[in-house]
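The opening position of the sequence shown corresponds to residue 1 in our numbering, with each subsequent residue numbered one higher.
Beta carbons are placed, not taken as given, at the ideal position from N, Cα and C, and that holds for glycine.
First comes the structure, then the notes that go with it.
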Amino acid sequence: MSNIIILFIVMQVLHAVCTWKLYRLAGYKAWAAAVPFYSAWIMLKIIDRPWWWIILMYLPVAGCVMAFVIWTDMTRAFGYRST
1 MSNIIILFIV MQVLHAVCTW KLYRLAGYKA WAAAVPFYSA WIMLKIIDRP WWWIILMYLP
61 VAGCVMAFVI WTDMTRAFGY RST
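Now the structure itself:
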């Protein structure tokens with residue numbers, strides 16, 4: 001159980017370090033990237049998706065797919081549309 005908690009903390013810290021500038025560009029506070037479920041909610045607001053996608057993000061198998069979909073939408077939200 002402690003390994004899962006450590007993994008969750010590491011993933012959240014990595015997410016915060018990598019996305020704090022995106023949150024500022026979108027008009028939100030940079031600290032919002034460090035708060036676990038709030039950052040997911042803000043990210044879904046940035047890409048204009050429904051709130052219940054947060055549930056899918058934290059499911060074991062669906063979370064991997066949702067991560068790819070959300071990051072693809074994030075790149076499109078900031079204007080990166082080409083490969």
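Taking each of I9, A26, M1 in turn and checking the Cα distance to L44, the smallest one comes out for A26. Look at R76 here: in three-state DSSP terms it is helix. Non-local C-beta neighbours of W53 in its own chain, meaning closer than 7 Å and more than five positions away in sequence, comprise L44, M66, ordered along the chain. Proximity to L14 across K29, S2, Y28, V35 peaks at V35, based on C-alpha coordinates. In the three-state scheme derived from DSSP, where H, G and I count as helix and E and B as strand, S2 is classed as helix. In the same chain as A30, and ignoring 5 residues on each side of it, the C-beta atoms closer than 7 Å to its own belong to W20, Y23, R24, in chain order.
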